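Positions 2 to 349 (the working numbering) are the ones given, in order, by the sequence shown.
Backbone N, C-alpha and C define an ideal beta-carbon position, used for all residues, glycine too.
Note that the coordinates shown come from a computational prediction; the quantities given were computed from them, not determined experimentally.
Below is one structure, written out as C-alpha cells; comments come after it.
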Amino acid sequence: MISNKNISCILAIETSCDETAAAVYSAEHGIESNVLFSQMELHAQYGGVVPEIASRWHINKIIPIIDQALKVANRSFDTIDAIAITNTPGLPGSLLVGLASAKALAYVYKKPLIAVNHLEGHIYSAHIENEIPFPYLCLAASGGHTSLYIVHSFYSYERIAKTVDDAAGEAFDKVAKLLQLGYPGGPIIESLAREEGFTDTRHYPRLKHTTLDFSFSGLKTAVLYDLVKMGCYSMQQKKLTVEHLSENERTDLNKTVSSSFLVCVGDIFAQRVAKSLALYPDIRAISFVGGVACNKYLQARIAAVAEKHSILAVKPSGQYCTDNAAMIAFVAYKKAQAGLFADLSLDI
Ligand code: KG4
Ligand code: ZN
C-alpha cells in the first residue's frame with residue numbers, strides 16, 4: 002500500500018504533443034527543474050505538428066531530457082518518490098513514448114506511478130506561482146482546446162464551455178498559415194497586431210452563441226473570404242495571391258488582418274468571461290491558462306473584465322502557459338496527497 006505521506010518529491014514526464022518535457026517538484030522547494038526540448042522548428046515547415054515526426058523525436062529526446070531534469074534539480078532516483086506521467090489527452094504516438102518511459106522507470110526503481118490529465122495540468126498551472134481563491138473561473142486556451150471551467154478545489158472542477166469546432170490556438174495557427182507567416186501563429190500574429198496598435202479595421206464577425214461555447218472556424222473562414230474580397234487569395238488555386246502587392250502593401254495586409262483577428266478573439270474571450278461571471282456570481286478570481294495565454298493583449302482583455310467585477314485575474318508565467326512538465330508534476334503532487342496512484346496497467 003502506497004502512503005501519500007511518503008511522497009514529497011516527484012519526477013514528471015510530459016510528451017502529449019510536440020514538447021518532450023520533464024520536471025521535478027518537491028514539497029520543500031516547489032518546482033526544482035522544468036526542462037523541455039521543443040520540436041517547434043521541426044514541424045514549422047509543415048505549418049503544424051506532424052504526429053509521426055513528433056513521436057520519433059520524443060524517442061530521441063526523452064532520456065536526455067529526464068537526465069537533465071534530474072541534474073538541474075541535483076537529484077538521483079534515490080530521492081525521487083514517484084513518477085508522474087501525462088496519459089491523456091494528446092497524440093497517441095507521443096503519449097505512448099512518455100508512458101512507456103514512465104512505466105519503465107517506475108518498475109525498475111520501484112516507484113509509484115501517478116497519471117495526470119494534460120488539461121488538468123493546464124487548469125492548475127496558475128497555482129504554481131499564485132494563491133487563487135476557490136471557486137474561480139478558468140479560461141484554458143491552447144492549440145487543441147478552448148474551454149471555460151469553474152474550479153471548486155484541487156480535486157473538483159466542471160467544464161461550462163468548450164469549442165464546438167477549432168481551438169483558439171488552432172485559429173491563430175490557421176490564419177498565420179493562410180497569410181504564410183509561419184508556425185506557431187500566435188506569437189507572430191500578436192507581434193504584427195501590436196505594430197498595428199490593436200485596431201480593428203476588418204470587422205470580422207463575433208458569433209453570438211446562445212450558450213457559453215466557443216466557435217473559431219467561422220472566424221478563420223471570414224478572414225479567408227476577406228482576403229478573397231481584397232484580391233489576395235485565390236479559391237481556385239487555394240493559395241495566397243499577393244504578387245501584385247508592394248512589400249509595404251504586403252506588410253500592411255499582414256498587420257491589418259492580424260490586428261483585426263486578434264481584437265475579434267479578444268472580444269469573444271471578454272464576452273464569454275463576462276457572461277460566465279454573470280451566470281456564476283460566487284466566482285472569486287479568473288485564471289487564463291494554456292499556450293494562448295502567452296498573449297499579452299488577451300491577458301489585458303481578461304484582466305479588464307476581472308477589474309470591472311473587482312476580482313483577481315491570474316495567469317501562469319510563459320514557461321507554464323505552453324506545454325511543460327512542471328504543471329504535470331504540480332498536479333501529481335496534489336494527487337499523491339489524495340492517494341490517487343496508478344499502476345503498470347495504465348494506458349493512454
Ligand atoms: O498549450 P500549448 O503550448 O500546446 C497545446 O496544448 O496545444 O499551446 C500552443 C498554442 C499554439 O496554437 C500557439 O499558436 C498558441 O498556443 N500561442 C499563442 C501565443 N503563443 C502561443 N496564441 C496567441 N498568442 C500568443 N502569443
Ligand atoms: Zn497543452
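- prompt: When DSSP labels each residue in this structure, what does residue 42 get in the three-state scheme?
  reply: In the structure shown, the three-state DSSP call for residue 42 is helix.
Cβ distance (whole Å) where residue 258 is taken to contact residue 299 below 8 Å: The C-beta distance from residue 258 to residue 299 rounds to 17 Å, too long to meet the 8 Å contact threshold.
- prompt: How about residue 127 and residue 317: do their beta carbons lie closer than 7 Å?
  reply: Taking 7 Å as the cut-off, the Cβ atoms of residue 127 and residue 317 count as close.
message: Nearer than 6 Å: is that true of the beta carbon of residue 95 relative to any heavy atom of ligand 2?
response: Between ligand 2 and the CB of residue 95, the shortest heavy atom gap is not smaller than 6 Å.
- request: For residue 86, write down the residues that DSSP places opposite it in a beta bridge.
  value: According to DSSP, which records beta bridges pairwise, residue 86 is partnered with 14 and 116.
field: Cutoff 8 Å; reference residue 197; Cβ partners in own chain excluding five residues on either side
entry: Taken in chain order, the residues that qualify are 256, 257, 259 and 260.
Nearest candidate by alpha-carbon position, reference residue 74, set 297, 31 and 138: Across the set 297, 31 and 138, the C-alpha of 31 shows the shortest separation from the C-alpha of residue 74.
Burial state of residue 340 (16 or more Cβ within 10 Å): Note on residue 340: under 16 other CB atoms within 10 angstroms of its CB, so exposed under the neighbour-count rule.
message: Using 7 Å as the threshold, is the C-beta distance between residue 114 and residue 107 below it?
response: Yes, these two residues count as a Cβ contact at 7 Å.
- prompt: Would residue 183 pass as a contact of residue 174 if the rule is Cβ separation under 7 Å?
  reply: By the CB criterion at 7 Å, residue 183 and residue 174 fall outside the cutoff.
task: Starting from residue 137, follow its DSSP beta bridges and name the residues at the other end.
output: DSSP lists 152 as partners of residue 137.
- request: Please confirm whether residue 119 and residue 34 have their CB atoms less than 7 Å apart.
  value: No; because the gap between Cβ atoms is not below 7 Å, this pair is not in contact.
message: Does the beta-carbon of residue 143, which I'm using as the reference point, lie nearer than 6 Å to any heavy atom of ligand 2?
response: Under cutoff, so the answer is yes.
- request: Keeping to the same chain, check which residues put their C-beta closer than 6 Å to that of residue 12; ignore five residues upstream and five downstream.
  value: Closer than 6 Å at the Cβ level, and outside the excluded window around residue 12, lie 25, 81 and 84.
Candidates 190, 194, 152 and 179: closest to residue 221 by CA position: With distances taken between CA atoms, residue 221 lies nearest to 179 out of 190, 194, 152 and 179.
message: Closer than 6 Å to a non-hydrogen atom of ligand 1 - does that hold for the CB of residue 323?
response: For ligand 1, a non-hydrogen atom lies closer than 6 Å to the CB of residue 323.
field: Chain-order list of residues whose beta-carbon lies under 7 Å from that of residue 315 (same chain, five-residue window excluded)
entry: 127, 131, 133, 286 and 288, listed in sequence order.
- request: Take residue 1 and list the residues in its own chain whose beta-carbon comes closer than 6 Å to its own, dropping the five residues that flank it on each side.
  value: Residue 1 lies beyond the stretch modelled for the chain, which goes from 2 to 349, so this question has no answer here.
- prompt: Regarding residue 293 and ligand 1, is the C-beta to nearest heavy atom distance less than 6 Å?
  reply: Yes, the Cβ of residue 293 comes within 6 Å of a heavy atom of ligand 1.
message: Whole angstroms are fine: how far does the CA of residue 262 sit from the CA of residue 208?
response: Each residue's alpha carbon lies about 13 Å from the other.
- prompt: Leaving out five residues before and five after residue 218 in sequence, what residues of the same chain have Cβ atoms less than 7 Å from its Cβ?
  reply: So the list reads 166 and 167, once near-sequence residues are dropped.
- prompt: Can you name, in chain order, every residue of its own chain whose Cβ lies under 7 Å from the Cβ of residue 344, other than the five neighbours on each side?
  reply: In chain order, 114 place their CB closer than 7 Å to the CB of residue 344, counting only its own chain and leaving out the 5 sequence neighbours on each side.
Cβ separation of residue 149 and residue 213, assumed to be a contact under 8 Å, to the nearest whole Å: Sure, about 6 Å apart at Cβ, within 8 Å.
- prompt: Taking three-plus beta-carbon pairs below 8 Å as touching, is the region 233 to 252 in contact with the region 293 to 309?
  reply: Contact fails: fewer than three Cβ-Cβ distances are below 8 Å.
- prompt: Can you tell me whether residue 61 is buried or exposed, with buried defined as 16 or more other CB within 10 angstroms of its CB?
  reply: Exposed.
- prompt: Are residue 142 and residue 291 close, meaning C-beta to C-beta below 7 Å?
  reply: Contact flag set, yes.
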